[in-house]
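Counting from 1 along the sequence shown, just add 2 to a position and that's the residue number in my numbering.
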Amino acid sequence: MFLIKYTATTIAAFLTLALFDDNPRWLVALFCLLPALISTKWKESWGAGAPAALIKGGSAAFLAFVAGVILPNFRTTFGTLVGFTILVAAAEYFLLPLFEKR
Numbered sequence: 003m004f005l006i007k008y009t010a011t012t013i014a015a016f017l018t019l020a021l022f023d024d025n026p027r028w029l030v031a032l033f034c035l036l037p038a039l040i041s042t043k044w045k046e047s048w049g050a051g052a053p054a055a056l057i058k059g060g061s062a063a064f065l066a067f068v069a070g071v072i073l074p075n076f077r078t079t080f081g082t083l084v085g086f087t088i089l090v091a092a093a094e095y096f097l098l099p100l101f102e103k104r
């Protein structure tokens, strides 16, 4: 499940953080390890549904904001953070339940 979440998060990050903020792709791919790992490990406590998807998207965007503050080569803007939140939340809500084992 981690690999699927990592792929979805990386695609969302490439569409926002790499494309619009011109961050290096290797740095964006490396950054996506942390939100995907947190989302995978804390799945039980967050549950499923729209609120959980928004929490996961918001936490991924918050981590991107923190990375933008800490790392000199990582740039974030408000618009890309909102877009990243929406894309991660949409992937968590619509796409990832298709891959979960029942």
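All residues carry an ideal CB built from backbone N, CA and C; glycine is no exception.
Relative to the C-alpha of Ala62, which candidate in Asn75, Leu39 and Leu73 has its C-alpha closest? As a position in the sequence shown, residue 62 is number 60, starting the count at 1. Residue Leu39 is the option with its Cα nearest to Ala62.
Beta carbon of Lys43 nearer than 8 Å to that of Ala91: Residue 43 sits at position 41 when you count from the first residue of the sequence shown. Residue 91 sits at position 89 when you count from the first residue of the sequence shown. Their beta carbons are not under 8 Å apart, which means Lys43 does not touch Ala91 by this criterion.
Distance, Cα to Cα, Thr12 vs Glu94? Residue mapping note: residue 12 aligns to position 10 of the sequence shown, counting from 1. Residue mapping note: residue 94 aligns to position 92 of the sequence shown, counting from 1. About 13 Å.
Secondary structure at Gly85, three-state DSSP: helix, strand or coil? Translated into positions along the sequence shown, residue 85 becomes position 83. Three-state result, Gly85: helix.
Can you tell me whether Leu73 is helix, strand or coil according to DSSP? Counting from 1 along the sequence shown, the entry for residue 73 is found at position 71. In the structure shown, Leu73 sits in coil (DSSP, three-state: anything other than H, G, I, E or B).
Using the beta-carbon count (16 or more within 10 Å), is Leu73 buried or exposed? Counting from one through the sequence shown, the residue named residue 73 turns up at place 71. With fewer than 16 Cβ atoms within 10 Å of its Cβ, Leu73 is classed as exposed.
Where do the ends of the alpha helix (DSSP H) carrying Leu29 lie? Taking the sequence shown and counting its residues from 1, the one referred to as residue 29 is at position 27. Looking at the DSSP string, the run of the alpha helix (DSSP H) that includes Leu29 is Arg27 to Phe33.
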